[in-house]
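Colleague:
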Amino acid sequence: MNSQSIIPKVEKEVIKSLHFPKDDVLFSKEDRLIRNNDLKSAISLGNLEHQKVKILFQDIEGLKQVETTIWGVTDREIILKQGAIIPIVRIVKINLF
Numbered sequence: 019m020n021s022q023s024i025i026p027k028v029e030k031e032v033i034k035s036l037h038f039p040k041d042d043v044l045f046s047k048e049d050r051l052i053r054n055n056d057l058k059s060a061i062s063l064g065n066l067e068h069q070k071v072k073i074l075f076q077d078i079e080g081l082k083q084v085e086t087t088i089w090g091v092t093d094r095e096i097i098l099k100q101g102a103i104i105p106i107v108r109i110v111k112i113n114l115f
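Under my numbering, think of the first position of the sequence shown as 19, with each following residue one higher.
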C-alpha cells in the first residue's frame, strides 16, 4: 500500500468549495522547482493530449488528491475543468500518468 492510497480523493467539482491557506506547502527551493517543472509538463499533456494527472494538494483540512486534466496555469494557480482552481503553493506533488 502506498502513501497516496490513504489520502482522500475528491472530485474536481468539490474543489470550488475548499478553503486554501496562503502559505506554501513546500519549503525547499528544489521541491518548488520540481513542482514547477511538473506543472509545465502537466499543462502540455492536458492541452495537447487531454491526459489526466494526479494532483496531491493540501487545503485547510489536510491532504487531498484529484485526478483531472489541467487546462491552464497562471503565476498563482492551476485551472481545471469547470473552473475549479487550486493555488500552486498548495500543490504537494503532481503525478503524470
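We put the beta carbon where it would ideally sit given N, CA and C, even for glycine.
Less than 9 Å between CB atoms is the rule here; does V32 satisfy it with respect to chain B?
Modeller: In the structure shown, chain B cannot be found, because there is only a single protein chain.
Colleague: Measuring straight from C-alpha to C-alpha, what distance separates R108 and A60?
Modeller: Taking the first residue of the sequence shown as 1, we reach residue 108 at position 90. Taking the first residue of the sequence shown as 1, we reach residue 60 at position 42. Distance between the alpha carbons of R108 and A60: 16 Å.
Colleague: Residues in the same chain with beta-carbon distance under 6 Å from I96, minus the five sequence neighbours each way, listed in chain order, please.
Modeller: Against the sequence shown, residue 96 aligns to sequence position 78. Excluding positions up to five away in sequence, the list reads I88 and I104.
Colleague: Return the residue from the list G101, I78, R94 and K27 that minimises the CA-CA distance to R50.
Modeller: The sequence position of residue 50 within the sequence shown is 32, counting from 1. It is R94.
Colleague: Look at the alpha carbon of I33 and the alpha carbon of F45, and state the distance between them as a whole number of angstroms.
Modeller: In the sequence shown, the residue the question calls residue 33 occupies position 15. In the sequence shown, the residue the question calls residue 45 occupies position 27. Spanning the two alpha carbons is a distance of roughly 24 Å.
Colleague: Please name the residue, chosen from F115, V110 and L114, that lies closest to E48 on a Cα-to-Cα basis.
Modeller: Residue numbering aside, residue 48 sits at position 30 when the sequence shown is read from its first letter. Comparing Cα positions, the closest option is V110.
Colleague: Between the C-alpha atoms of V71 and E79, what's the straight-line distance to the nearest angstrom?
Modeller: Your numbering for residue 71 matches position 53 in the sequence shown. Your numbering for residue 79 matches position 61 in the sequence shown. Going by the C-alpha atoms only, they are around 22 Å apart.
Colleague: With DSSP collapsed to three states, give me the class of V110.
Modeller: In the sequence shown, residue 110 corresponds to position 92, counting from 1. In the structure shown, V110 sits in a strand (DSSP, three-state: E or B).
Colleague: In angstroms, rounded to a whole number, what distance separates the CA positions of D42 and L63?
Modeller: Within the sequence shown, residue 42 is the residue found at index 24, counting from 1. Within the sequence shown, residue 63 is the residue found at index 45, counting from 1. Approximately 25 Å, taken between the alpha carbons.
Colleague: Quick one: is T86 buried, meaning 16 or more other Cβ sit within 10 Å of its Cβ, or exposed?
Modeller: As a first step, residue 86 must be located in the sequence shown, where it is residue number 68. By the neighbour-count rule (16 or more Cβ atoms within 10 Å), T86 is buried.
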